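Accompanying notes for the structure given below.
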Amino acid sequence: MSAPIEISPSSLREGRWHEYAVRFALGGAATVFAGLVSSWYGASIGGLFLALPAIFCASATLIEKHEIRRMREAGLDGKRRGQQAAALDAAGAALGALGMLAFAGVFWLLVERSVAGAFASASLAWLAVSVAAWFVRRKARSCRSSPAAERAGPR
Numbered sequence: 003m004s005a006p007i008e009i010s011p012s013s014l015r016e017g018r019w020h021e022y023a024v025r026f027a028l029g030g031a032a033t034v035f036a037g038l039v040s041s042w043y044g045a046s047i048g049g050l051f052l053a054l055p056a057i058f059c060a061s062a063t064l065i066e067k068h069e070i071r072r073m074r075e076a077g078l079d080g081k082r083r084g085q086q087a088a089a090l091d092a093a094g095a096a097l098g099a100l101g102m103l104a105f106a107g108v109f110w111l112l113v114e115r116s117v118a119g120a121f122a123s124a125s126l127a128w129l130a131v132s133v134a135a136w137f138v139r140r141k142a143r144s145c146r147s148s149p150a151a152e153r154a155g156p157r
């Protein structure tokens, strides 16, 4: 059984100031770029660029580096563990993207009735879809790693 989801602020201490500066700069640059595209081509096109994965790329690289460094401090290579940690972050980003897609769809459908109602409903849709996607992924992983799946062998 997996451990419950928890918040660990201790990971913030693992980063160096310049790593946070890179994240901040890339995130700000992606946001400014999306704003410029939005002003030139309209909000519909600009919104697509707001989802630009610049922040994800920086964070995945930093996560991998932190894991490699942590494992090397323990006397291990750590490259595989770093890749696994970055892959887990990528899976989380994909699940979050599904939630954001639900948010956008619900907001678009309801915004003309009430902005506040659309925002509240879209937020609930984001939460429901993100949590459901996480549970589906967790269930799929546990089915793949079950003893029956191991006995069946590769397909």
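This note's numbering applies: residue 3 is where the sequence shown begins, and numbers increase by one.
Positions of the beta carbon are idealized from the N, C-alpha and C atoms, including for glycine.
Being a predicted model, the structure only gives us computed values, none of them experimental.
Practice item. Spatial neighbours of Phe-58 within its chain, please: CB distance less than 7 Å, with the 5 preceding and 5 following residues excluded, ordered by chain position. Key: Here the question's residue 58 lines up with position 56 in the sequence shown. Hits under 7 Å: Ala-95.
Review point. In the structure shown, what three-state DSSP assignment does Ser-116 receive?
Key: Along the sequence shown, read from residue 1 onward, the residue named residue 116 stands at position 114. Of the three classes helix, strand and coil, the one that applies to Ser-116 here is coil, per DSSP.
Check your understanding: Is DSSP giving Leu-78 helix, strand or coil here?
Key -> As a working note, residue 78 is residue 76 in the sequence shown. It is coil, neither helix nor strand.
Review point. Can you tell which of Leu-111, Gly-98 and Ile-70 has its C-alpha closest to the C-alpha of Phe-1?
Key: The question about residue 1 has no answer here: the residues shown for the chain are numbered 3 through 157.
**Study point:** Candidates Arg-71, Ala-62 and Ala-124, of which the one nearest Arg-25 by Cα
**Key:** Taking the sequence shown and counting its residues from 1, the one referred to as residue 25 is at position 23. The residue with the shortest Cα to Cα distance from Arg-25 is Ala-62.
Exercise for review: Thinking Ser-40 and Gly-30 are a contact (beta carbons under 8 Å), I'd like their distance in whole angstroms, please.
Suggested key: Within the sequence shown, numbered from 1, the residue matching residue 40 stands at position 38. Within the sequence shown, numbered from 1, the residue matching residue 30 stands at position 28. That belief does not hold up - the Cβ atoms of Ser-40 and Gly-30 are roughly 15 Å apart, past 8 Å.
Practice item. Pick helix, strand or coil for Ile-7, following the three-state DSSP scheme. Key: Sequence index remark: in the sequence shown, residue 7 carries index 5 (1-based). DSSP places Ile-7 in coil when its eight states are reduced to three.
**Study point:** N-terminal and C-terminal residue of the alpha helix (DSSP H) that Arg-25 is part of
**Key:** Taking the first residue of the sequence shown as 1, we reach residue 25 at position 23. Where Arg-25 is concerned, the enclosing alpha helix (DSSP H) stretches over 19-43.
Check your understanding: With 16 other CB atoms within 10 Å as the buried threshold, where does Gly-80 fall?
Key -> For this step, residue 80 is matched to residue 78 along the sequence shown. Buried is the call here.
Exercise for review: Figure out for me which residue from Ala-93, Glu-66 and Ala-92 has the closest Cα to the Cα of Arg-83.
Suggested key: Residue 83 sits at position 81 when you count from the first residue of the sequence shown. Comparing Cα positions, the closest option is Glu-66.
Practice item. Would you mind giving the Cβ-Cβ distance between Val-113 and Ala-120, rounded to the nearest angstrom? I have them listed as a contact below 8 Å. Key: Here the question's residue 113 lines up with position 111 in the sequence shown. Here the question's residue 120 lines up with position 118 in the sequence shown. That belief holds up - the Cβ atoms of Val-113 and Ala-120 are roughly 4 Å apart, short of 8 Å.
Review point. Taking Cβ to Cβ, would you say Gly-101 is nearer than 8 Å to Ser-132?
Key: On the sequence shown, position 99 is the one that residue 101 refers to. On the sequence shown, position 130 is the one that residue 132 refers to. Going by C-beta atoms, Gly-101 is nearer than 8 Å to Ser-132.
Exercise for review: Would you tell me roughly how many angstroms separate the C-alpha atoms of Ala-151 and Phe-51, rounded to the nearest one?
Suggested key: Counting from one through the sequence shown, the residue named residue 151 turns up at place 149. Counting from one through the sequence shown, the residue named residue 51 turns up at place 49. Note that Ala-151 scores 48 on pLDDT, short of 50, meaning its location in the model is unreliable; the coordinates nonetheless yield the value given after this. Approximately 41 Å, taken between the alpha carbons.
Check your understanding: Count the other CB atoms within 10 Å of the CB of Trp-42; is the residue buried (16 or more) or exposed (fewer)?
Key -> For the purposes of this step, residue 42 is taken as residue 40 along the sequence shown, with counting starting at 1. With fewer than 16 Cβ atoms within 10 Å of its Cβ, Trp-42 is classed as exposed.
Review point. Can you tell me the Cα-Cα spacing of Arg-71 and Ala-87, whole angstroms?
Key: Mapped onto the sequence shown, residue 71 falls at position 69. Mapped onto the sequence shown, residue 87 falls at position 85. Near 12 Å, if we compare the C-alpha coordinates of Ala-87 and Arg-71.
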